[in-house]
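To keep things clear, I will list the structure first and then write my remarks on it.
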Ligand code: UGA
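Numbering (this note's numbering), first residue to last: 41 to 459.
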């Protein structure tokens, strides 16, 4: 839907197809129910201009297309590899009605070799298969689409690859036009690199605590090196979401199938589990060692700020272990409501503090920075604040008479003059 609305906004005529009739009806009426800034406006404008439509039924929709984008989910399947059933099903469904010369373009994250597999399934020489991975982040997907760092397109039919790259001319981004396998690999290599970068930072943060250093200063010092870059250096409760966990597992399987043991990536995945465990130990320590019966308030549930997505959320992973150890959890997230197992979800941040022995920040929502810590301190039964995103200003929490712990921020590095 994001791809469709964005392609329409740069001048293309787009028909979005989905099997979910209720979703199609909502979108056709301009109702967007995912939290994605700018998307509802783009959908509205696309519908009004007539350049964007939403329909059920792929066969009719593709009959006159110049290009068909496959944007179906490729979730984690058996043993960690990508489940390609949706890609295969849609290919089988439309294979005989795609017009000759129309490019079949995969946007979904698919293992290397999938373009070849789609070509075999199609069994047609007159339909080029093109890989065109996307690099959109949830919460900034529209802006990432409209201001991309690069466009990557790969096909064994180079003319078709150039045609697809040309669809983005309006965006004036650098483009990499290559073979199908390379384009498919770019997506995994990029996401797995980002995951590895985060695991590295989280491990360095652990070292900071042990050595009396401050990860915020360390990453600032690292980030000015243009070879490293300043982004994706923020420690946290581990990386999650619908992409990095799934893609790291899939990449280890892709490597294995190619006879290569990708030990570095395996270590990054293991480090992510270790980070979650360290966070849990830190919270347990903050409530006096035992989680059983501890009342803990959680600030944030989404896998990152700016989204209501709970898929593979580190916050939920932490919460489920805390609950399993007998902690009583109350949670607030500005974008998440309803019922969740093992906790009471409330609708404002101060409610999580009521009677809590500890308050834990798990998602980096900016509004948590503006909380009144004096008031929170009054509401709490204990004094522990654990900030797993290094979001808060420690001084404000400490001045409210509370104790504070961040990630990778040794107290003596933060307050060198303190005893
Ligand atoms: C990720 C990639 O960043 C996108 O480029 C890619 O297109 C997308 O997956 C995808 O494959 O579709 P996304 O899943 O939206 O995007 O989330 P990220 O912004 O990458 O964050 C992933 C996780 O890393 C989150 O849990 C986040 O909190 C964590 N993170 C991120 C940190 O802990 N520290 C950081 O500095 C950055």
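By construction, the Cβ of each residue, glycine as well, lies at the ideal position given by its N, Cα and C atoms.
Since the structure is predicted, the reported quantities are computational estimates derived from the model, not experimental observations.
>> Taking its Cβ as the centre, do 16 or more other Cβ atoms sit within 10 Å of residue 151, making it buried, or is it exposed?
In response: On the chain shown, position 111 is the one that residue 151 refers to. Burial call: buried.
> What are the residues that DSSP puts in a beta bridge with residue 107?
Replying inline: If you number the chain shown from 1, residue 107 lands on position 67. Bridge partners of residue 107: 143.
> Quick one: what does DSSP say residue 185 is sitting in, helix, strand or coil?
Replying inline: Working through the chain shown from its first residue, we reach residue 185 at position 145. DSSP places residue 185 in helix when its eight states are reduced to three.
> Given residue 425, which residues of its chain have a CB within under 6 Å of its CB, disregarding the five upstream and five downstream residues?
Replying inline: Along the chain shown, read from residue 1 onward, the residue named residue 425 stands at position 385. Contacts found: 399, 437, 442, 444.
> Three-state secondary structure (DSSP) at residue 69?
Replying inline: As a first step, residue 69 must be located in the chain shown, where it is residue number 29. DSSP places residue 69 in coil when its eight states are reduced to three.
> Would the C-beta of residue 354 count as close to the ligand UGA, meaning under 7 Å from any of its heavy atoms?
Replying inline: Along the chain shown, one-based indexing puts residue 354 at 314. Checking the Cβ of residue 354 against the ligand UGA gives yes.
>> Rounding to the nearest angstrom, what Cα-Cα distance links residue 94 and residue 54 in this structure?
In response: The count along the chain shown starts at 1 and reaches residue 94 at position 54. The count along the chain shown starts at 1 and reaches residue 54 at position 14. In this structure, the straight-line span from the alpha carbon of residue 94 to that of residue 54 is close to 9 Å.
>> Can you list, in chain order, the residues of its chain with a C-beta nearer than 7 Å to that of residue 450? Leave out the 5 residues immediately preceding and following it.
In response: Walking along the chain shown from the start, residue 450 turns up at place 410. Exclusion of the five residues before and after residue 450 leaves 248, 249, 252, 253, 254 as the residues of its chain whose Cβ lies within less than 7 Å of its Cβ.
>> Looking only at its chain, what residues have a beta carbon closer than 6 Å to the beta carbon of residue 469, apart from the 5 residues adjacent to it on each side?
In response: Residue coverage of the chain in this structure runs from 41 to 459, which leaves residue 469 outside it and unanswerable.
>> Mapping the DSSP letters down to three states, classify residue 89 as helix, strand or coil.
In response: Within the chain shown, numbered from 1, the residue matching residue 89 stands at position 49. Three-state DSSP puts residue 89 in a helix.
> Under the criterion of a Cβ to heavy atom distance below 7 Å, does residue 25 qualify as lining the ligand UGA?
Replying inline: The chain is shown only over 41 to 459; residue 25 falls outside these bounds and no answer can be derived.
>> At the 8 Å Cβ level, is residue 159 part of the contact set with chain C, yes or no?
In response: Structure shown: chain C not included; a single protein chain is present.
>> Residues in the same chain with beta-carbon distance under 8 Å from residue 108, minus the five sequence neighbours each way, listed in chain order, please.
In response: One-based indexing of the chain shown puts residue 108 at position 68. Taken in chain order, the residues that qualify are 102, 134, 138, 142, 143, 144, 145.
>> Using CA atoms only, rank isn't needed, just tell me which of 324, 243, 229 is closest to residue 333.
In response: Walking along the chain shown from the start, residue 333 turns up at place 293. For the residues 324, 243, 229, the minimum Cα distance to residue 333 belongs to 324.
>> Let's see if you can read the secondary structure: which residues bound the beta strand (DSSP E) around residue 336?
In response: By one-based count along the chain shown, residue 336 stands at place 296. Run containing residue 336: 335–339, per the beta strand (DSSP E) assignment.
>> On the DSSP letters alone, give me the boundaries of the alpha helix (DSSP H) that residue 264 sits inside.
In response: Translated into positions along the chain shown, residue 264 becomes position 224. For residue 264, there is no enclosing alpha helix (DSSP H), as DSSP gives it neither H nor E.
> Under three-state DSSP, which class holds residue 450?
Replying inline: On the chain shown, position 410 is the one that residue 450 refers to. It is coil, neither helix nor strand.
> Can the beta-carbon of residue 47 be found closer than 8 Å to that of residue 207?
Replying inline: By 1-based counting over the chain shown, the position of residue 47 is 7. By 1-based counting over the chain shown, the position of residue 207 is 167. Cβ distance < 8 Å, so residue 47 and residue 207 count as in contact.
>> Are there any heavy atoms of the ligand UGA lying less than 7 Å away from the beta-carbon of residue 280, as far as the coordinates show?
In response: On the chain shown, residue 280 is found 240 positions in, with the first residue counted as 1. Checking the Cβ of residue 280 against the ligand UGA gives yes.
>> Please report the straight-line C-alpha distance between residue 406 and residue 374, rounded to a whole angstrom.
In response: By 1-based counting over the chain shown, the position of residue 406 is 366. By 1-based counting over the chain shown, the position of residue 374 is 334. Near 10 Å, if we compare the C-alpha coordinates of residue 374 and residue 406.
> Can you find a heavy atom of the ligand UGA that lies under 7 Å from the Cβ of residue 272?
Replying inline: Along the chain shown, one-based indexing puts residue 272 at 232. Checking the Cβ of residue 272 against the ligand UGA gives yes.
> What three-state label does DSSP hand residue 94 in the structure shown?
Replying inline: By 1-based counting over the chain shown, the position of residue 94 is 54. Look at residue 94 here: in three-state DSSP terms it is strand.
>> Please report the straight-line C-alpha distance between residue 359 and residue 396, rounded to a whole angstrom.
In response: Residue mapping note: residue 359 aligns to position 319 of the chain shown, counting from 1. Residue mapping note: residue 396 aligns to position 356 of the chain shown, counting from 1. Roughly 15 Å separates the two Cα atoms.
> What alpha helix (DSSP H) runs, 4 residues minimum, are completely inside the region 141–177?
Replying inline: List check, alpha helix (DSSP H) in window: 154–162.
> So the alpha helix (DSSP H) residue 283 belongs to, where does it begin and stop?
Replying inline: Indexing the chain shown from 1 puts residue 283 at position 243. Neither: residue 283 is in no alpha helix (DSSP H) and is coded neither H nor E.
>> Tell me the DSSP secondary structure of residue 325 in three-state form.
In response: As a first step, residue 325 must be located in the chain shown, where it is residue number 285. Three-state result, residue 325: helix.
>> Only counting the same chain, and skipping five residues up and downstream in sequence, which positions put a Cβ closer than 6 Å to that of residue 416?
In response: Within the chain shown, numbered from 1, the residue matching residue 416 stands at position 376. Leaving aside the five residues that flank residue 416 on each side, the residues in its chain whose CB is nearer than 6 Å to its CB run, in chain order, 393.
>> Less than 7 Å separating the Cβ of residue 414 from some heavy atom of the ligand UGA?
In response: By one-based count along the chain shown, residue 414 stands at place 374. Residue 414: no, Cβ never under 7 Å from the ligand UGA.
> Nearest to residue 376 by CA position, among 315, 350, 314, 185, is which residue?
Replying inline: Within the chain shown, residue 376 is the residue found at index 336, counting from 1. For residue 376, the closest C-alpha among the options 315, 350, 314, 185 is that of 350.
> Do the CB positions of residue 75 and residue 45 come within less than 8 Å of each other?
Replying inline: If you number the chain shown from 1, residue 75 lands on position 35. If you number the chain shown from 1, residue 45 lands on position 5. Cβ distance not < 8 Å, so residue 75 and residue 45 don't count as in contact.
>> What does DSSP give as the partner residue(s) for residue 222 in the beta ladder?
In response: Along the chain shown, read from residue 1 onward, the residue named residue 222 stands at position 182. Residue 222 has no beta-bridge partner at all, per DSSP.
>> Taking 8 Å as the limit between beta carbons, can you name the residues of its chain near residue 198, skipping five residues before and five after?
In response: Position 158 of the chain shown, counting from 1, holds the residue named residue 198. Within the same chain, 217 come within 8 Å of residue 198 by CB-CB distance, once the 5 residues on both sides are set aside.
> For residue 215, which of helix, strand or coil comes out of DSSP?
Replying inline: As a working mapping, residue 215 is identified with position 175 in the chain shown. Note: residue 215 maps to strand in three-state DSSP.
>> Whole angstroms are fine: how far does the CA of residue 280 sit from the CA of residue 211?
In response: As a first step, residue 211 is located in the chain shown; it is residue number 171 there, counting from the start. As a first step, residue 280 is located in the chain shown; it is residue number 240 there, counting from the start. The straight-line gap separating the alpha-carbon atoms of residue 211 and residue 280 is approximately 29 Å.
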